[in-house]
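I have placed the structure first, in the form of structure tokens, so that the comments after it can refer back to it.
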Amino acid sequence: NAGVTQTPKFQVLKTGQSMTLQCAQDMNHNSMYWYRQDPGMGLRLIYYSASEGTTDKGEVPNGYNVSRLNKREFSLRLESAAPSQTSVYFCASSPKLGAFGYTFGSGTRLTVV
Amino acid sequence: AQTVTQSQPEMSVQEAETVTLSCTYDTSESDYYLFWYKQPPSRQMILVIRQEAYKQQNATENRFSVNFQKAAKSFSLKISDSQLGDAAMYFCACPIQGAQKLVFGQGTRLTINP
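The listed protein sequences derive, respectively, from chains C and Z.
Residues in the first sequence are numbered consecutively from 1, following my numbering.
Residues in the second sequence are numbered consecutively from 1001, following my numbering.
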């Protein structure tokens, strides 16, 4: 089925470890996004890529890096995980925000111990 | 600052009754769409309804409708004939920065009582 695929769905890291969250969409969307969801804080934007070849910081970029590998793929990297990065991470995509809103992946629950 | 506020962290309603979830927003965009998303326990984010700010008529999708008051920057979601499957977190969202991205409210957890 067409959509946004995120891997992994669950991950436990030790403080200081690194990992990359993968996201791929097969809808030929231009824009891709990474959000984190924390209780009582809604979804906060980490990074986004308005089009292939561009990336921009969102509201909470510290401790993260991203790569727009091609039009389909947008990865999020934690270089040195911290307990404050324990969260649920969502990848989303959009053809052009406007009327379309986002199509979301199923999320990654990350725990840093 | 461009923000979205959902003032009700939790709401509950009896099955088959009607419930309204509140949302206020602030955006500098001139032409934009507003969105409500549903997040059931499965964690998947699902688009419920969208409203074009230039349209006077409130959007409706089956049992879901909005009460959009542009001057007041208010965008509430009404769920009629509530069903057990409506139990979820609900988020409203509005675009910012040249409509390149969405900012989300804090969410309202809706419980349906049988």
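We put the beta carbon where it would ideally sit given N, CA and C, even for glycine.
The structure presented is a predicted model; accordingly, all values stated were derived computationally and were not measured.
{"query": "Collapsed DSSP secondary structure at phenylalanine 69/C in the structure displayed", "result": "Correcting the residue type first, residue 69/C is leucine in the shown sequence and not phenylalanine. It is coil, neither helix nor strand."}
{"query": "From Lys14/C, Leu97/C and Tyr35/C, residue whose alpha carbon lies closest to that of glutamine 6/C", "result": "Tyr35/C"}
{"query": "For leucine 69/C and proline 1041/Z, the rounded distance between their alpha carbons", "result": "31 Å"}
{"query": "Assigned exposure category for leucine 1088/Z - 16 Cβ within 10 Å defines buried", "result": "Checking the sequence shown, residue 1088/Z turns out to be alanine, not leucine. By the 10 Å Cβ count, alanine 1088/Z comes out buried."}
{"query": "Neighbour flag for glycine 98/C against chain Z, beta carbons, 8 Å", "result": "yes"}
{"query": "Neighbour list for methionine 41/C in chain Z, Cβ cutoff strictly below 7 Å", "result": "Gln1106"}
{"query": "Interface flag, methionine 1045/Z vs chain C, CB-CB below 8 Å", "result": "yes"}
{"query": "Residues that glutamate 1052/Z contacts on chain C, provided the C-beta gap is smaller than 9 Å", "result": "Ala99"}
{"query": "Contact residues within the segment 1020-1048 of chain Z, judged by C-beta distance below 7 Å to chain C", "result": "Tyr1033, Phe1035, Arg1043, Gln1044, Met1045 and Leu1047"}
{"query": "Which of helix, strand or coil DSSP assigns to aspartate 56/C", "result": "strand"}
{"query": "Leucine 45/C at chain Z interface by Cβ criterion, 8 Å", "result": "yes"}
{"query": "Arginine 1063/Z versus Ser1022/Z, Ile1079/Z, Val1048/Z and Glu1052/Z, residue with shortest Cα-Cα distance", "result": "Ile1079/Z"}
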